[in-house]
Every structure is written in structure tokens, then in C-alpha cells.
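Peer 1: Residue numbers (the working numbering): 347 to 813.
Backbone N, C-alpha and C fix where the C-beta goes; we use that ideal spot for every residue, glycine too.
I'd like to ask some things about the structure below.
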Amino acid sequence: MCVLIKVNYLRLLFYFFADLERLKELSWQVRNPLIALKSGWQVEVSEKGGVRLWLETESLSNAAELRLIFNDREISSTPHRKINFDKAKGLVEILFEQLSREDEGSYTAQLRDGRAKNQFTLVFVDQKFRQTLALANEKLRDIKRKAGPYFQDFLSWSVNEDCELIMKCKVTNTKKDTSLKWFKEGVAVSQVVYEQSSGVSTLTIPQVTKKEAGSYRAVVSDGRGEDVSTLELLDDEYDKLLQQLSKQCAMSASPLRIQSTAEGFKLYCSFKYYINYLKTSWYFKEKGIDQGTRIKPGSSMQKVWIEIVNPTENDKGKYILEMFDGTETHKRYLDLSGQAFADALLDYQRLKQAAVAEKNRAKVTKGLPDVVAIMEGKSLCLTCYIDGDPAPQIFWLRNDKELIDPNLYTVTNEQKCSTIDIHKVRLEDSGKYSILVRNKFGSEAACVTVSVYRHGEKPPANAVEMG
Numbered sequence: 347m348c349v350l351i352k353v354n355y356l357r358l359l360f361y362f363f364a365d366l367e368r369l370k371e372l373s374w375q376v377r378n379p380l381i382a383l384k385s386g387w388q389v390e391v392s393e394k395g396g397v398r399l400w401l402e403t404e405s406l407s408n409a410a411e412l413r414l415i416f417n418d419r420e421i422s423s424t425p426h427r428k429i430n431f432d433k434a435k436g437l438v439e440i441l442f443e444q445l446s447r448e449d450e451g452s453y454t455a456q457l458r459d460g461r462a463k464n465q466f467t468l469v470f471v472d473q474k475f476r477q478t479l480a481l482a483n484e485k486l487r488d489i490k491r492k493a494g495p496y497f498q499d500f501l502s503w504s505v506n507e508d509c510e511l512i513m514k515c516k517v518t519n520t521k522k523d524t525s526l527k528w529f530k531e532g533v534a535v536s537q538v539v540y541e542q543s544s545g546v547s548t549l550t551i552p553q554v555t556k557k558e559a560g561s562y563r564a565v566v567s568d569g570r571g572e573d574v575s576t577l578e579l580l581d582d583e584y585d586k587l588l589q590q591l592s593k594q595c596a597m598s599a600s601p602l603r604i605q606s607t608a609e610g611f612k613l614y615c616s617f618k619y620y621i622n623y624l625k626t627s628w629y630f631k632e633k634g635i636d637q638g639t640r641i642k643p644g645s646s647m648q649k650v651w652i653e654i655v656n657p658t659e660n661d662k663g664k665y666i667l668e669m670f671d672g673t674e675t676h677k678r679y680l681d682l683s684g685q686a687f688a689d690a691l692l693d694y695q696r697l698k699q700a701a702v703a704e705k706n707r708a709k710v711t712k713g714l715p716d717v718v719a720i721m722e723g724k725s726l727c728l729t730c731y732i733d734g735d736p737a738p739q740i741f742w743l744r745n746d747k748e749l750i751d752p753n754l755y756t757v758t759n760e761q762k763c764s765t766i767d768i769h770k771v772r773l774e775d776s777g778k779y780s781i782l783v784r785n786k787f788g789s790e791a792a793c794v795t796v797s798v799y800r801h802g803e804k805p806p807a808n809a810v811e812m813g
């Protein structure tokens, strides 16, 4: 029983002291009331670059007082810094038309309203201050920039469906005398299009090469001021352009097609245009194709291809062209089998025979002048070079009739060369002379007009004078 009474006594004693502490705290709060805070210090930057520091408490009476302490020194309103105190709203604010580095520090608002009081501190230093100062200065520069003509849209680039590079900007607040100029590495760019009504200016590059890399600068100006926009098309940004361009080029790729040639098959894919940044790989029956004596890959500004020399039945199958643009793989396919293979092989054989015939047919490799002139009584020598396998037959003609009189004409035939000599030409020897060469693969002729003139006369102006 004694133990139970002792425990209850201790518990009552604990509650007594706890209540006593609460009463003492309430008594202190009654004697020293605190002004309640609604919103602590906030930092705002206006569109015009002004900075506002503010806090809000409960509503205060007209008798309320404010002391503002900046870095342990009481401050008041100045032309640079305005202090407002709205007692009814409990609003304290500091307004800076243009924030400066001298404004970095701690701000303490000490408030008193009758017996109630409180103080609130803003530590406005280091990163928080630097970020605010930078943003305010940026807004101020923007206001100053927009006092005259300025860039509504700064220089940027894009790649269109035709794989063209488009550099573009847009200016506003312009007048009739406003000028817009572009520069690359300090040199004026003349191919720029500027629509003054819309303010849009563009530079179109139909085919991008390494020379397009560099620093671009656009300047808009008039009597009110100027604004500048820059675009660094270098390093990572240029690589980004090539990747985007490669992607667009790959998307423009045609289906795989086949072209028969005298040497074999040419499998090709056409582009708006092709750049080496777009990596290509060829596959046959799902296996990579290695370059060799029979396999010859190639490319141009509009195509990539692979040549298959002397094709056989073993070249039937499915071909794949893979194009990697740096992030994505694009594919084109061709099933070269069945009738498609048979038709291509037939075309190849026909073209091969035609190429052999063209190579071996009789031909004139070095012909005669169009017109020659020679004085009456002199001898005329005409030489022509020929080729063909087998060696061609050779005929000399005058006015389309073969020359056969050995007393008037001497014909000398050597390997790949034939010469005709006309002895003591007469006026009636004037006319059209020709050489005709032929073998089983074909024939060819070359002609010359011979003009014979008398002593004392002048040869035709357009003739090559002989003798």
C-alpha cells in the first residue's frame, strides 16, 4: 500500500511541474507576444530586371514600427533602394531598380507592434545572390536590347526533307532603314534571304560539306541600336548536324535497285545526297559482304552501290543495305532471285557482248580535218589512224565512190594507219573524200572536203592549207 501511494504521489508531482511550465510559457507569451509570420523572406526578379525582397506577417496596427538592418547597419529608402511597409497587410518589401554587388549580405526586419515584436532575417549571399544578380542583369540587358531592333528568334539550324541545311532567325521591332547582315568567320554572307515583312531571314545550304563548319553571326541594326545573334556550328554542334543530316539522308534513301552492266551487276540505292558520316554496310544472305576482286563497293554524292563482277547462279539471294546515322540503323532490301535474277543475268550477257563488239569494232581513232585546201599541181597526202580486232578492211572513197586508179592515187596501209597520196592534183579532184573501215563487229567512216585552187587564188578561209 505504501508503495502504491508513493507512485501516485510522484505521478501527480510530475504533472504539476509540467502544468507549471506551460503556465509560465503562457505568462511569458502574454507579457511578450510575438508577431506571427505568414510568409518568410522571398526573392523575386521582375521582367524589367528589378529585384524585390519581401515578407508578410499578420495584420499590424498603425502604431507598428519597422527597423531594417543590413549587415548590422540600419537602412532606409534611397534612390537605389526603396523600402515599403504596409502595416494593414503586414507586408515588408525592399525594391531594387538595379541590383548590384554592394547589395549582397543579410537583411533583418525588426518589427514591433505595441508589446508584440519579432524579427526575420534573409541571408542573401553566395550562390543565391549571384543567381539573382545574373538573372536581373539578363533582364536589364534584354530590356535595353529590345529598345531597338532585336532578335525574336535567335540563329538556329534544321535539316529539311530535301536534306538541305536551313539556318534561320527572326527579327522584330524593325523600321524601313533597319539592316540585317550575316557573317561567317567575319566574312559577309551574301546568299541570305530576308523577308522584311515577317522578319524571317534564312540561309539555305543545298549540300553540306566541311566548309559549312564555322562561326555564324547575324547583326540587326538601325539608329536606335543593334542586336547580335551567334551560332557556333563547330565540334559537338557540327557532329550533331551531321547526325541529323545523316538521318534525313537515310530516310530519303530509295529502295535497293539493280542495274546490269557489261561487267556484271550493280546494286544501288539513291539519296537526295549522300555523306560519309552515314555508315553503310552490305549483307548477302544475312552475312556481311567483304570487298574483293569480284565485289566492289562505291559511292557518289547521290548514290551508294556495290558491283558484282562476272555474276553466277551463286549470287542469287537476298541483299541488305544497312545505314547507320550515328544513333539509328536504316535498312533497304533486294531479293535477287527467280525472274529478277534471270532478267538481270540476260541483260548482263547482252551488255557484255555489246561491250566486246564496241571494243573490237573497226573505228577511226584519229580522223581527218573537215576541209583542206591545196594549190593545183601539188601532191596531197591524207593520213588516218584506225583500230579494230580483227584488223579492219580499208576503203578510200571520193564522192562516195571507191578510188581504184593507181595512176592518180596511191594508198598505203600499215598497222593501225592508212595513207592516200593524190599526185599532181587537178581542179576536178576537188570533192568529198572519205575513209571507210569495217570488220565483223562494225564499221566507221571519216570524211574530208578537198578544195583545189589555182595559182594566184586564195584558199578558202575555213580550210587547212596543204602542200
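Based on the DSSP output, what are the partners of PRO643 in its beta bridges?
Peer 2: Residue pairing for PRO643: DSSP places it in a beta bridge opposite ILE652.
Peer 1: Indicate whether the contact test is met: 3 or more Cβ pairs, each with one atom in the segment 423-441 and one in the segment 476-496, closer than 8 Å.
Peer 2: no
Peer 1: Within 10 Å of its beta-carbon, does ALA564 have 16 or more other beta-carbons around it, so buried, or fewer, so exposed?
Peer 2: Around the beta-carbon of ALA564, 16 or more other beta-carbon atoms lie within 10 Å, marking it buried.
Peer 1: Hey, which unbroken runs of the beta strand (DSSP E) at 3 residues or more fall wholly within the segment 417-504?
Peer 2: DSSP assignment within the segment 417-504 yields the following whole beta strand (DSSP E) runs of 3 residues or more, N-terminal first: 419-421, 427-432, 437-442, 451-459, 462-470.
Peer 1: With DSSP as the reference, please indicate the residues paired to MET597 in a beta bridge.
Peer 2: According to DSSP, which records beta bridges pairwise, MET597 is partnered with nothing at all.
Peer 1: With a CB to CB cut of under 8 Å and the five nearest residues on each side skipped, what residues in its chain are close to PHE611?
Peer 2: Closer than 8 Å at the Cβ level, and outside the excluded window around PHE611, lie ILE604, GLN605, GLU653, ILE654, PRO657, ASP661, LEU682, ALA690, TYR694.
Peer 1: Pick out whichever of TYR540, SER592, GLY545 has its Cα sitting closest to the Cα of GLU668.
Peer 2: Selected option, being the one with the closest Cα: SER592.
Peer 1: Which same chain residues, not among the five before or five after ALA534, have their C-beta less than 8 Å away from its C-beta?
Peer 2: Cβ neighbours of ALA534 beyond the five flanking positions: LYS527, TRP528.
Peer 1: Within the continuous beta strand (DSSP E) that includes GLU402, where are the two ends?
Peer 2: Boundaries of the beta strand (DSSP E) harbouring GLU402: 397-403, taken from the DSSP string.
Peer 1: Give the range of the alpha helix (DSSP H) segment to which LYS631 is assigned.
Peer 2: No alpha helix (DSSP H) holds LYS631; DSSP gives it neither H nor E.
Peer 1: How about PHE497 and TYR453: are their beta carbons less than 8 Å apart?
Peer 2: no
Peer 1: Counting C-beta neighbours from all protein chains within 10 Å, is the total for ILE781 16 or more, i.e. buried, or is it exposed?
Peer 2: buried
Peer 1: With distance defined between alpha-carbon atoms, name the residue in GLN699, ASP716, THR729, ILE740 nearest to ALA708.
Peer 2: ILE740
Peer 1: Look at the alpha carbon of ARG487 and the alpha carbon of PRO495, and state the distance between them as a whole number of angstroms.
Peer 2: Approximately 14 Å, taken between the alpha carbons.
Peer 1: Assign LYS786 to one of three DSSP states: helix, strand, or coil.
Peer 2: coil
Peer 1: Kindly indicate which residue of SER616, TYR619, LYS664, MET597 has the alpha-carbon position closest to the one of PHE630.
Peer 2: LYS664
Peer 1: Nearest-angstrom Cα distance between GLU671 and ALA596?
Peer 2: Before going further, note that residue 671 is Asp rather than Glu in the sequence given. A straight-line Cα-Cα distance of about 7 Å links ASP671 and ALA596.
Peer 1: Strictly by DSSP, which residues pair up with GLU578?
Peer 2: SER561
Peer 1: Under 8 Å between the Cβ atoms of VAL554 and SER547?
Peer 2: no
Peer 1: GLU609 by DSSP, collapsed to three states: which one?
Peer 2: coil
Peer 1: Check for me: the beta strand (DSSP E) holding LYS527 runs from which residue to which?
Peer 2: 525-530
Peer 1: Suppose the cutoff is 6 Å on Cβ atoms and the five residues either side in sequence are ignored; what does the same chain contact list for MET513 look like?
Peer 2: If we look at MET513 and ignore the five residues flanking it on each side, its Cβ neighbours are TRP503, LEU549.
Peer 1: Tell me whether ALA596 counts as near the ligand MN, meaning its Cβ is closer than 7 Å to at least one heavy atom of that ligand.
Peer 2: Only the bare structure without any ligand can be found here, which leaves the ligand MN out of the picture.
Peer 1: So, is PRO736 buried or exposed, given that buried needs 16 or more other C-beta atoms within 10 angstroms?
Peer 2: exposed
Peer 1: What does the alpha-carbon distance come out to for the pair ILE551 and ARG696?
Peer 2: Taking the straight line joining both Cα atoms gives about 43 Å.
Peer 1: Given this structure, state the Cα-to-Cα distance separating LYS521 from ARG491, to the nearest angstrom.
Peer 2: 15 Å
Peer 1: Starting from VAL702, trace the alpha helix (DSSP H) both ways and give me its first and last residue.
Peer 2: In the DSSP annotation of this structure, the continuous segment of the alpha helix (DSSP H) that includes VAL702 starts and ends at 684-706.
Peer 1: Roughly how many angstroms separate the alpha carbons of GLN594 and TRP651, rounded to a whole number?
Peer 2: 19 Å
Peer 1: Reducing DSSP to helix, strand and coil, say where ASP775 ends up.
Peer 2: helix
Peer 1: Just the Cα atoms here: how many angstroms apart are ALA719 and LEU749?
Peer 2: 19 Å
Peer 1: I need the straight-line Cα distance from ASN378 to GLY571, nearest angstrom please.
Peer 2: 60 Å
Peer 1: Determine the DSSP secondary structure at ASP746, reduced to helix, strand or coil.
Peer 2: coil
Peer 1: Between LEU587 and LEU511, is the Cβ-Cβ spacing less than 8 Å?
Peer 2: Against a cut-off of 8 Å, the Cβ pair of LEU511 and LEU587 comes out as a contact.
Peer 1: Where does ASP733 sit, in a helix, a strand or coil, going by DSSP?
Peer 2: strand
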